[in-house]
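The structure under discussion appears below in the form of structure tokens.
Number of protein chains: 2
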Amino acid sequence: MTQSAKRVVLASRPVGEPKPSDFRIEDYTAPPPGDGQVLLRTIWLSLDPYMRGRMNDGPSYAAPVPVGGVMEGGTVAEVIASNNPGFAKGDIVLSRAGWQTHALSDGKGLAKIDPKLAPVSTAVGVLGMPGLTAYTGLLEIGKPQAGETVVVAAASGAVGSAVGQIAKIKGARAIGIAGGKDKCDYVKNELGFDDCLDHRDPDLAAKLKDACPKGIDVYFENVGGAVFEAVFPLLNTFARVPVCGLIAHYNDTEATVPKWAASMMRAVLTKRLTIRGFIVGDFAARHGDFLRDMSGWVREGKVKYKEFVTDGLDSAPAAFMGLLKGANFGKQLVRVGPDKA
Amino acid sequence: MTQSAKRVVLASRPVGEPKPSDFRIEDYTAPPPGDGQVLLRTIWLSLDPYMRGRMNDGPSYAAPVPVGGVMEGGTVAEVIASNNPGFAKGDIVLSRAGWQTHALSDGKGLAKIDPKLAPVSTAVGVLGMPGLTAYTGLLEIGKPQAGETVVVAAASGAVGSAVGQIAKIKGARAIGIAGGKDKCDYVKNELGFDDCLDHRDPDLAAKLKDACPKGIDVYFENVGGAVFEAVFPLLNTFARVPVCGLIAHYNDTEATVPKWAASMMRAVLTKRLTIRGFIVGDFAARHGDFLRDMSGWVREGKVKYKEFVTDGLDSAPAAFMGLLKGANFGKQLVRVGPDKA
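Protein chains in written order, with full-length UniProt numbering: chain C, 1 to 341; chain W, 1 to 341.
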């Protein structure tokens with residue numbers, strides 16, 4: 001009744017870009033479930049940019065992963081043994097078991113997934129946290145109106161692809177920014193954005209201006225850096241900037257008190273901008289609306305999604321390092337185990 | 001039926017701090033009112049920081065004053081001749097006649113003032129634009145809750161003094177920042193703020209931290225500069241920053257595309273801050289609520305106000321240059337003419 005298992009722990013806190021030695025893969029033996037517990041077998045591990053923040057010490061909206069601790073993450077898992085009356089062997093659940101092949105749980109925070117409704121991997125993708133981030137940030141803060149221009153970066157990614165497609169559903173123009181021709185073609189031709197620009201293009205600012213002749217009304221900020229600087233001068237009066245990520249800065253090693261506020265704040269004032277940070281948990285109350293709308297849109301083909309899968313838990317560190325550089329093309333998933341054991 | 005008159009025009013666009021030669025005082029003859037017109041005699045001219053922006057060319061939320069044009073401004077005036085059936089000789093009106101002793105108007109944009117309700121100067125002060133700015137920015141964007149901490153700079157001024165007093169009415173703690181001991185004493189002892197700090201104190205950041213042991217939930221931004229930098233690290237998760245002015249930067253000569261976004265935006269994200277610019281006209285729909293609430297609070301003594309008066313239109317340029325440096329103590333007014341001619 002014990003189980004050979006594997007986990008990825010944080011070996012050391014990265015300075016700047018994470019490197020392979022910041023992770024350590026450990027073999028261990030998963031014990032049988034105790035009273036009230038279930039034993040989970042991971043099928044899918046979701047890799048997401050926020051995880052870079054958990055590798056750092058210091059204040060943020062969530063506690064850091066301790067050095068030596070299992071890397072955090074959302075998973076789709078099968079219950080393979082249960083001493084909890086709420087769960088049966090064979091149940092598929094959404095959990096936060098992290099980067100490991102097996103995990104014990106007392107059932108708290110687990111949500112059952114119905115495999116008949118959609119591929120179970122969507123529970124950590126378009127119908128999960130990334131989809132909910134796109135849906136709530138865009139609709140609760142961005143509030144795009146018909147005819148307005150919405151810009152989103154990482155446009156082929158899990159969040160960005162949903163943002164642009166929801167903007168289109170709401171009648172807005174959607175302009176994506178992505179890395180490279182293949183992603184841009186996909187965003188335009190498959191996802192139906194009005195345009196998509198390559199952030200590696202040295203003329204990004206000029207091309208973005210051409211692509212947004214009426215300026216930008218909503219900038220969904222998940223990137224920061226050069227993209228933000230190209231977007232900022234194009235923001236219209238009353239533009240809204242939901243901020244859910246800053247992947248361009250996650251490896252920054254300096255964090256100083258800002259000394260530069262004047263020019264940005266002047267634009268906030270004269271253009272009456274709204275810049276508002278959020279994390280997906282802030283809008284937990286919208287989860288029901290999200291599931292209803294998003295699953296409908298996916299069914300009707302109005303929202304498409306793309307998955308980018310690497311194989312085996314061992315691949316997680318490299319896949320995550322690649323994700324921070326945009327090496328993935330679509331929602332980054334790790335196939336940790338088969339659908340059925 | 002013609003009238004000797006005087007006006008202050010913009011002689012040249014200031015570079016940095018305005019200087020006396022940027023203004024020119026002109027004598028002229030005000031013609032009698034034509035068909036449908038009224039002739040106004042200015043009693044009070046309001047001087048406000050936003051006027052610095054009107055002296056610049058370049059994009060903002062309002063058109064600049066042309067070189068040679070009369071400086072813009074709100075006034076309280078008496079109708080001294082009328083060919084407009086809506087107004088009678090002797091009516092007191094709120095107008096935007098600018099920096100001049102007399103003005104013609106077709107009646108559009110004039111609002112009658114009842115001198116029995118309150119001193120007429122309050123129509124450009126606590127019951128006018130500055131009061132409405134404080135009321136709407138604090139209540140519509142800042143949304144202070146009982147027990148929260150609200151910080152406002154220029155706390156003895158027209159807007160700041162109202163912000164802190166309204167915050168107190170709503171059950172919040174109010175911390176002011178002002179220039180010098182006299183103003184701070186007034187803010188604490190007369191206006192009833194919980195504390196007031198001197199922005200000239202080299203230990204401002206440390207003292208502000210002591211004065212806000214539970215952090216800052218609302219920062220009403222009308223100043224920018226060093227005060228913003230002291231406030232920013234103390235903002236709590238979900239803090240709100242209504243931005244209505246940046247007087248510390250109005251004389252800046254550089255306006256570059258921001259290159260510094262990372263650290264501020266990181267805080268916006270992790271603390272889920274809301275930073276939102278506004279001007280008073282954005283909340284015109286709240287004017288009725290404002291007048292009802294604010295006139296009640298003034299009557300009950302819950303909101304006090306202080307006026308700082310210089311005498312004669314000729315004093316306006318120097319008074320305005322002083323206002324930008326905080327030389328005024330209370331709402332800056334120019335007494336252009338007597339209450340009754």
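We treat Cβ as the ideally placed atom computed from N, Cα and C, and that holds for glycine. Since we're looking at a predicted model, the values are computed, not measured.
In angstroms with no decimal places, state the Cα-to-Cα distance between residue i and residue j.
i	j	result
residue 194/W	residue 212/W	10 Å
residue 162/C	residue 149/W	37 Å
residue 300/W	residue 67/W	45 Å
residue 279/W	residue 165/C	33 Å
residue 242/W	residue 105/C	44 Å
residue 158/W	residue 273/C	24 Å
residue 227/W	residue 284/C	35 Å
residue 154/W	residue 247/W	10 Å
residue 215/W	residue 144/C	33 Å
residue 76/C	residue 200/C	34 Å
residue 340/W	residue 43/W	9 Å
residue 119/C	residue 307/C	11 Å
residue 277/W	residue 297/C	34 Å
residue 275/C	residue 53/W	23 Å
residue 328/C	residue 204/W	47 Å
residue 255/C	residue 264/W	Only weak support is given to the placement of residue 255/C: the predicted model assigns it a pLDDT of 47, under 50, and the question is left unresolved by the model.
residue 182/W	residue 65/W	35 Å
residue 342/C	residue 79/C	Residue 342/C is absent from the structure shown; chain C starts at 1 and stops at 341.
residue 260/C	residue 237/C	Low confidence applies to residue 260/C: its pLDDT is 48, below 50, so where it sits in the model is not reliable, and the reading given next is rough at best. Looking at the two C-alpha atoms, the distance is approximately 21 Å.
State buried or exposed for residue i, treating a residue as buried only when at least 16 other CB atoms are found within 10 Å of its CB.
i	result
residue 334/C	buried
residue 258/C	The pLDDT assigned to residue 258/C is 44, lower than 50, so where the model puts this residue is not dependable, and the model offers no usable value.
residue 176/W	buried
residue 57/W	exposed
residue 222/W	buried
residue 115/C	exposed
residue 185/W	exposed
residue 17/W	exposed
residue 30/W	buried
residue 172/W	buried
From the DSSP output, which residues share a beta bridge with residue i?
i	result
residue 76/C	44/C and 94/C
residue 23/W	10/W
residue 310/W	334/W
residue 112/C	93/C
residue 219/C	151/C
residue 102/C	41/C
residue 3/W	30/W
residue 82/W	38/W
residue 277/C	243/C
residue 173/C	149/C
residue 178/W	198/W
residue 291/W	DSSP lists no partner for residue 291/W.
residue 235/W	216/W
residue 70/W	9/W
Rank the options by C-alpha distance to the C-alpha of residue i and give the top, closest one.
i	options	result
residue 146/W	189/W, 298/W, 153/W and 168/W	168/W
residue 134/C	287/C, 313/C and 321/C	287/C
residue 231/C	323/C, 245/C and 207/C	207/C
residue 123/W	105/W, 106/W, 96/W and 138/W	96/W
residue 269/C	281/W, 126/W, 270/W and 181/W	281/W
residue 141/C	244/C, 51/C and 235/C	244/C
residue 293/W	136/W, 202/W and 237/W	136/W
residue 47/W	323/W, 108/W and 234/W	323/W
residue 99/W	24/W, 277/W and 239/W	24/W
residue 330/W	296/W, 131/W and 72/W	131/W
residue 27/W	121/W, 102/W, 45/W and 120/W	102/W
residue 127/C	305/C, 110/C and 16/C	305/C
residue 45/C	73/C, 38/C and 33/C	73/C
residue 139/C	71/C, 290/C and 328/C	290/C
residue 39/W	239/W, 108/W and 64/W	108/W
residue 180/W	172/W, 197/W, 190/W and 191/W	197/W
residue 209/W	224/W, 317/W and 234/W	234/W
residue 316/C	302/C, 71/C, 62/C and 82/C	71/C
residue 55/W	85/W, 34/W and 321/W	321/W
Establish whether the CB of residue i and some CB of chain B are separated by less than 8 Å.
i	result
residue 269/C	Among the protein chains of the structure shown, namely C and W, there is no chain B.
Could you tell me if the beta carbon of residue i falls within a distance shorter than 7 Å of some heavy atom in the ligand FMN?
i	result
residue 33/W	No copy of the ligand FMN occurs in the structure displayed, which carries no ligand at all.
Any C-beta of chain C within less than 7 Å: which residues of the segment 116–145 of chain W qualify? none
Name, going along the chain, the residues of the segment 314–325 of chain C whose beta-carbon falls closer than 9 Å to a beta-carbon of chain W. So nothing in the stretch comes that close.
Positions along the segment 271–287 of chain W whose CB lies within less than 8 Å of some CB in chain C: 271, 272, 273, 274, 275, 276, 277, 278, 279 and 282
Residues in the segment 37–61 of chain W with C-beta within 9 Å of chain C's C-beta atoms, listed in sequence order? Those residues of the segment 37–61 of chain W that come within reach of chain C (Cβ to Cβ, closer than 9 Å) are 53, 59, 60 and 61.
Give me the subset of the segment 149–161 of chain W whose CB atoms are less than 9 Å from a CB atom of chain C, sorted by chain position. none
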